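Visitor: Take 1 as the starting number for the sequence shown in my numbering and just add one per residue. Okay, handing you the structure first.
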Amino acid sequence: NESNIPYVVIILGEATNRNYMGIYGYPKNTTPLLQKRLDNHDLYVFNDVISSHSTTIESLENMFTFYRVGATGCWYSYMDLFHILNRAGYHTVWMSNQEVTGIFGFVAQVYADMCIERQFTSKRTSHANNNGTDTTEMDLELLPILDTFMMNTYDKNFYLLHLMGCHIDYRNRYTQEYKIFTPQDISGQSDISR
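Here it is in structure tokens:
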């Protein structure tokens, strides 16, 4: 426990595909702020990375533990990042725009429970809304929560922000002032894909 880094922040995105990110060569300027940081040498882009799985649930099982695909036993029996940080004296906080519980939230909830504090933007479960619409809060709703936690800082702080990210329904992932692209901006695909 010799760390003197006062803040460690992990932003856990969701369903983001590098194939549609300008900083990875997509022809549309979909990542202008990241590109600016890259141009200023304030960002390192990893180009040779392979996800352990194609879905978040299975990826999370490997992401924060020493468990690896094919290892003996279950992922939750291996040492995890949150216990390590807690033992190293970090005040660990999990903030999420995901569901509190449900079939899609159980792995993340296990990790959230390992943190000293946790807060969600809303109290909902997987598929709680059965009418086909997604009423999830915007990811930006995590920022006031982060601000609140940062008012009571400790010598060593760890914050994880779990975004809703690029999950559908896409029109509920950004406010109208950030509506830049339309389906007509993408060519060569069906109307549904666009």
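We put the beta carbon where it would ideally sit given N, CA and C, even for glycine. Note that the structure is predicted; figures quoted are calculated from it, not measured.
Should E61 and L163 be called a contact, given that it needs their Cβ atoms to be closer than 8 Å?
Guide: No, the pair does not count as a contact, with Cβ atoms beyond the cut-off.
Visitor: What whole-angstrom Cβ distance do L12 and L161 have, given they're in contact under 8 Å?
Guide: The pair is a contact, with the Cβ atoms about 7 Å apart (cut-off 8 Å).
Visitor: Distance, Cα to Cα, F120 vs G165?
Guide: Distance between the alpha carbons of F120 and G165: 15 Å.
Visitor: What would DSSP say about T65, mapped onto helix, strand or coil?
Guide: Strand.
Visitor: Can you find at least 3 beta carbon pairs, one from the segment 48-60 and one from the segment 97-109, that sit closer than 8 Å?
Guide: Yes, the segment 48-60 is in contact with the segment 97-109.
Visitor: Examine the Cβ distances between the segment 43-53 and the segment 79-92 and report whether three or more of them are shorter than 8 Å.
Guide: In short, these stretches do not touch, since the Cβ pair count stays below three.
Visitor: Can the beta-carbon of P27 be found closer than 8 Å to that of D155?
Guide: No, Cβ-Cβ distance for P27 and D155 is not below 8 Å.
Visitor: Using the DSSP secondary-structure output, state which residues sit across from D80 in a beta bridge.
Guide: In the DSSP output, where bridge partners are listed per residue, D80 has T65.
Visitor: For a test of the three-state rule: what should DSSP assign to N1, helix, strand or coil?
Guide: N1: coil per DSSP, three-state reduction.
Visitor: Label I23 either buried or exposed according to how many other C-beta atoms from any shown protein chain fall within 10 Å of its C-beta, with 16 as the threshold for buried.
Guide: With 16 or more other Cβ atoms within 10 Å, it is buried.
Visitor: So, with DSSP's three-state summary, where would you put L161?
Guide: Strand.
Visitor: By the three-class DSSP mapping on this structure, what secondary structure does S96 have?
Guide: S96: strand per DSSP, three-state reduction.
Visitor: State the start and end residues of the unbroken alpha helix (DSSP H) segment that holds V45.
Guide: Run containing V45: none; DSSP gives neither H nor E here.
Visitor: Does S3 get closer than 8 Å to chain D when you measure Cβ to Cβ?
Guide: The structure shown contains no chain D; it holds only a single protein chain.
Visitor: Could you tell me the boundaries of the alpha helix (DSSP H) in which F181 lies?
Guide: Per DSSP, F181 belongs to no alpha helix (DSSP H) and is neither H nor E.
Visitor: Quick check: what's the CA-CA separation for R124 versus Q98?
Guide: So the two alpha carbons sit approximately 8 Å from each other.
Visitor: I need the straight-line Cα distance from G132 to D169, nearest angstrom please.
Guide: A caution first: G132 carries a pLDDT of 44, below 50, which makes its placement in the model too unreliable to give a value.
Visitor: Decide if C115 is buried, meaning its Cβ has at least 16 other Cβ atoms within 10 Å, or exposed.
Guide: The residue is buried, with at least 16 neighbouring Cβ atoms inside 10 Å.
Visitor: Between the Cα of N152 and the Cα atoms of I10, K36, H91 and R87, which residue gives the shortest distance?
Guide: With distances taken between Cα atoms, N152 lies closest to H91.
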